[in-house]
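Asks:
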Amino acid sequence: MSPAGTFRAAVERHDIETISSLLAEDVEFHSPVTFHPYVGRENVTRLLEIVSQTFENFRYTDELTIDGTEALVFRAAIGDRELEGLDLLRFDDDGLICDFTVFVRPLSGLVPFAQVMGEKVTAAGLQTSRG
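Note that the numbering used here gives residue 5 to position 5 of the sequence shown, counting from 1, and the numbers run on in steps of one.
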């Protein structure tokens, strides 16, 4: 199984422990709603846990691989809004995710997602690399 396939399977099982083990210690997570990344395994693990509790009907639909970079296409909902997105995963020499970028569309779904996530992230005390 590819590294992205292992990550995908862990996400689909809601296995946050395995997800965390697939992240590099200094992983950078680039959110679709913040300019600066979230940095570090602990921060990104907590953020992904919050995301998994926020999205409804989350499912991966496609898996793409190009020159060692892998992308997982997903669909989900937030309230009555449908979202489509892409998890772009880059791996270090140890096969761990070192760079994780998320793209989401449409804006009409991203805005309510950002509002809900903003409240949860603030309550959890998570901050981007520039606070």
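C-beta atoms are modelled at their ideal positions from N, C-alpha and C, and glycine is treated no differently.
Going along the chain, which unbroken runs of the beta strand (DSSP E) with 3 or more residues stay wholly within the segment 62–116?
Replies: Taking only runs of at least 3 residues, the beta strand (DSSP E) segments lying wholly in the segment 62–116 are 69–78, 81–91 and 97–105.
Asks: Take S20 and list the residues in its own chain whose beta-carbon comes closer than 7 angstroms to its own, dropping the five residues that flank it on each side.
Replies: Within the same chain, S20 has close Cβ partners R41 and T45.
Asks: Run through DSSP, which three-state label would F35 get?
Replies: F35 falls in the coil class under three-state DSSP.
Asks: So if DSSP puts E56 in a beta bridge, which residue, or which two residues, is it bridged to?
Replies: Paired residue(s): A77.
Asks: Hey, could you find the ends of the alpha helix (DSSP H) R8 is sitting in?
Replies: Start and end: P3 to E12.
Asks: Is it buried or exposed, A124, if we count other Cβ atoms within 10 angstroms and call 16 or more buried?
Replies: A124 should be labelled exposed.
Asks: Under 8 angstroms, with one C-beta from each stretch per pair, do the segment 53–71 and the segment 21–40 reach the 3-pair mark?
Replies: No, the segment 53–71 is not in contact with the segment 21–40.
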